[in-house]
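Mapping of the sequence shown onto our numbering: position 598 corresponds to residue 1090, and the numbering continues sequentially without gaps. Yeah, the Cβ is synthetic: ideal placement off N, Cα and C, and Gly gets one too. All remarks here apply to the structure that follows.
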Amino acid sequence: MQERLLTPEPYVKVALPVPMRTLFEYKVPKAIALRHQLLPGMRLKVPFGKQTRLGIIVELCHQTEWDPEHVKPFTSLHDESPIMPTAIMDLCNWASRYYHHPIGEVFFHALPALLRKGESDTFRSETWWLLTELGQKIDLSELKRAPKQLAFLNTVNTHPNGLSPHIMRLHDLQNTTAKALEEKGLIQRELRHFSKNVEHHGHQKQVPPTLNNEQASAVNKLVQSLGRFNVALLDGITGSGKTEVYLRLIETVIKQDQQVFLLVPEIGLTPQTLKRFEDRFTTDIVLLHSNMTDRERLDGWLMARSGKAKVIIGTRSSIFVPAPYLSLIILDEEHDASYKQQDGFRFHARDLALIRAKSVNASVILGSATPSYESLHNAAQNKFQWIKLRQRAGSAIIPSMERIDLRGKTLVKGFCETTLEQINTHLKRKEQVLIFLNRRGYAPTLMCHDCGWIATCQNCDVNLTVHKRANKLHCHHCGHHEPLINQCAECHSHEIVTIGEGTEQVETQLAHLFKDTPVLRIDRDSTSRKESLNNITQKIHEHDKAILVGTQMLAKGHHFPNVTLVVVMDADVGLFSSDFRGMERTAQLITQVAGRAGRASKPGHVLLQTYHPENPAIESLCTLGYEYFATQGLQERKTLGLPPYLHQVLIRSESVDEQQSYLLLEQVRLEAEHVIHHFNYPIQVMGPYSAIIVRKAGQHRYIVTFKSENRAPLHQLISQLAKSLEQNPLTRKVRYAIDVDPLETY
Ligand code: ADP
Ligand code: ZN
Ligand code: ZN
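See the structure below:
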């Protein structure tokens, strides 16, 4: 009698975390086929070279492309059921094809770190604490000698359903205290499965404000498209109440027992924003960001996959988190460059959001005060629904913008007199002033006044930044740092000077100029410790008048109601950028920073210091606003044949050996020209050319660009080139990367 196999297919195709653009085939051992039904999405162990590795089954098949004699059996099965749902596997397959990235790396990127390492996909259990009968009756004054135990007992008292480890952490309560109370018989422990104890926030739900007409109309339109594929661009000026619109839609999704993703830029999720969400909903919110332990991330992932978590808030990689009842994806600040991964697997979360939503009939909202040109283009072509909010919510009004002509003016510490006068006026009214300068450190350059020597990085072709507080010279490109010197390395002169200003210097100088005003700095250096951003923002809210100095960190998500004046110290930075997206980025940044002014009842004003007040870009941004500016910018891109009118793919190389780095791309170009000629593809090739900073962290970097109006031939060409690159012996010494729809082109 024939034995009945639970898995009739004799072969599996497996994704492994290796940089090869292929799946690997293995035989299904008969003993396993008899006892298990294999399915795509299960993990297994396979022999690979001399090692055994963990992989994911992507396909089961009846035949193999290889000589069956040479196909090895896999070693063992790791899961009883798939850990990865089909929707996510489809997304990985699509992403691997579209971005020409090795499929195994894509699948493994999509999994939480612990699952990549073989951890089981089950919820952990944790210890909760409950009062015993004795604990309920005890006279608390008996514990007044043990304040920690008293505090613990009081907290257990206010959580009649049990005190979770999460709440313990929030209240800074220790396990040792719990054990002491347990010994006294006042509390008892209970082991609970993490998932089964969805913690309802004890507090009252906050009452939402009444929507204004624009918001109400936006919510109406957006609610109608829930449950089907639809992409809406929510193009709302800063302070127009986009977040309030999101909150209403999320509320609807929760009521329908569906799930929603809110994607945020990397540093966009301020504690303020999170609090707004937690205050509004009593349901569980799963947060996924880089500041969590691997276990916390896995718990969040499992909560989302189980469908228990209705709201999932996270950065770009969360787009791979399973959610079986997904009906809405919101991308906040959709123009933000951090949605694109800039190394390794270079995907864009916005593109993946669209693909994923389409496959499960969910709808997408792309929100921004300064939408990307790509999205504006799609909206103008009616591919996206275009919803505009042009009024500020509540009683706030739109700030006015003014150019300050710096030509021929005497500058005091980087400010001209008009600017200083205005700062003074606002401070006198007990209001706050925000100074924006997108350059951290004390000064961008250290120079010898006698011989002209400049301090440069030993690994990169860039100048070192002076950090006076830390007494260091820092490379902002590779992280190298060295002690700050007071003597020239060439001629040993002591006449060492700094050139230009960074936020650290501006902070110091403003503190001199405005002696009785607190000056607070917000940049990566001042907020590097975990709690410091919180502390600084708290100080900002405590003071009436204050000066805030900061980089682009200030542009995102913050709400400082008492800021009425914003000064952009150097509005010209983007004018001469070598990247064609330079102007778009600068305009977005300036508009976002300007939007921090006048967000409450007092009107706001914005000053742009510039040497080019008549430059059409600066002028149109200042007088006509971002929408008009972007329309002009798009027109220019069309004329010049740039994205979004053409599609781009870059291939980058880097190596310690400059010649080889160039040579690899030279070979790529030759092959490309051959293929293009042969198939008569409408594709332009440029390069190899060197990156603007040729040497970075010791690597010499080159680029070839491919452009076409037509995606299909472009992708065919790149597939072909990728195949050859994998075989190219030069890649042993030269690393390469394929960058589809690059955001940075230098
Ligand atoms: P955006 O996300 O567009 O910058 P927010 O949603 O953060 O705007 O709203 C800006 C401010 O206005 C917030 O303080 C918010 O609480 C408030 N707000 C939003 N909508 C309303 C409304 N309809 N009535 C009153 N205040 C509102
Ligand atoms: Zn010198
Ligand atoms: Zn460097």
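query: According to the Cβ coordinates, are T807 and Q1080 closer than 8 Å?; result: no
query: When you compare the region 1121–1131 with the region 936–956, are there three or more beta-carbon pairs, one atom per stretch, that lie closer than 8 Å?; result: no
query: Can you give me the Cβ contacts of V711 inside the same chain, cut-off strictly under 8 Å, excluding the 5 residues immediately before and after it?; result: L703, V737, R740 and L741
query: Would you identify the three-state DSSP class for T499, choosing helix, strand or coil?; result: coil
query: Have a look at the DSSP bridge pairing and note the partners of A507.; result: I548
query: Which of the three DSSP states, helix, strand or coil, is assigned to F516?; result: strand
query: Sorry if obvious, but does the Cβ on A587 come closer than 7 Å to a heavy atom of ligand 3?; result: no
query: Return the residue from the list L678, M1178 and H651 that minimises the CA-CA distance to L626.; result: L678
query: Using the beta-carbon count (16 or more within 10 Å), is W621 buried or exposed?; result: buried
query: I want to check one thing, is the minimum distance from the CB of T1029 to the heavy atoms of ligand 1 below 7 Å?; result: no
query: Between V954 and ligand 4, is there a pair consisting of the residue's CB and a ligand heavy atom that are separated by less than 7 Å?; result: As for ligand 4, it is missing from this structure, which binds only ligand 1, ligand 2 and ligand 3.
query: Once you ignore the five residues that flank I867 on each side, which residues in its own chain have a CB closer than 7 Å to its CB?; result: In the sequence as displayed, the identity of residue 867 is Ser instead of Ile. If we look at S867 and ignore the five residues flanking it on each side, its Cβ neighbours are L725, E826, L858 and F876.
query: Please give me, in chain order, every unbroken run of the alpha helix (DSSP H) with length at least 4 that falls completely inside the region 812–864.; result: 841–852
query: Using a 10 Å radius around the Cβ and a threshold of 16 neighbouring Cβ atoms, would you call S709 buried or exposed?; result: exposed
query: Going by CA-CA distance only, name the one from E1165, Q1152 and H1207 that's closest to S1182.; result: Q1152
query: Can you tell me where the beta strand (DSSP E) holding E1218 begins and where it ends?; result: It is not in any beta strand (DSSP E) - E1218 instead sits in the alpha helix (DSSP H) that spans R1203 to Q1219.
query: In or out: C1285 buried (at least 16 other Cβ within 10 Å) or exposed?; result: Residue numbering for the chain in the displayed model covers 493 to 1238; residue 1285 lies beyond these limits and cannot be assessed.
query: What three-state label does DSSP hand N722 in the structure shown?; result: strand
query: Count the other CB atoms within 10 Å of the CB of R1224; is the residue buried (16 or more) or exposed (fewer)?; result: exposed
query: Within a Cβ cutoff of 6 Å, which residues of the same chain sit near K901, ignoring the five residues on either side of it in sequence?; result: C908
query: Does D1015 pass the burial test, meaning 16 or more other C-beta atoms within 10 Å, or should it be called exposed?; result: buried
query: Give the DSSP bridge partners of H966, in chain order.; result: T957 and H973
query: So for G677, helix, strand or coil by DSSP?; result: coil
query: Would you say N978 touches ligand 1, meaning its beta carbon is less than 7 Å from a heavy atom?; result: no
query: Which of helix, strand or coil does DSSP assign to E945?; result: Residue 945 is actually Trp in this sequence, not Glu. Looking at W945 - three-state DSSP - the assignment turns out to be coil, as it is neither helix nor strand.
query: May I ask which residues mark the beginning and end of the beta strand (DSSP E) holding H1097?; result: H1097 to T1102
query: Give the DSSP-derived three-state secondary structure of D1008 in the structure shown.; result: coil
query: Any heavy atom of ligand 1 inside 7 Å of the beta-carbon of E736?; result: yes
query: Can you check which of these residues, K832, N585 and H1004, is closest to I595 by C-alpha distance?; result: N585
query: Would you list, in sequence order, the uninterrupted beta strand (DSSP E) runs of no fewer than 3 residues that lie entirely inside the region 696–755?; result: 722–728 and 751–755
query: Just verifying my parser: in three-state terms, what is the DSSP assignment at K1225?; result: coil
query: State the CB to CB distance for the pair Q549 and V504, rounded to an integer number of angstroms; the pair is presumed to be in contact (CB under 8 Å).; result: The displayed chain sequence assigns Ile, not Gln, to residue 549. Their Cβ separation, rounded to whole angstroms, is 5 Å, which keeps I549 and V504 in contact under 8 Å.
query: Is DSSP giving M939 helix, strand or coil here?; result: strand
query: Tell me, to the nearest whole angstrom, how far the beta carbon of G799 is from that of L779; I am working on the premise that it is less than 8 Å.; result: Rounded, the Cβ-Cβ distance is 17 Å, inconsistent with contact.
query: May I ask whether a heavy atom of ligand 3 can be found less than 7 Å away from the beta carbon of N951?; result: yes
query: What is the DSSP secondary structure of D1233, counted as helix, strand or coil?; result: coil
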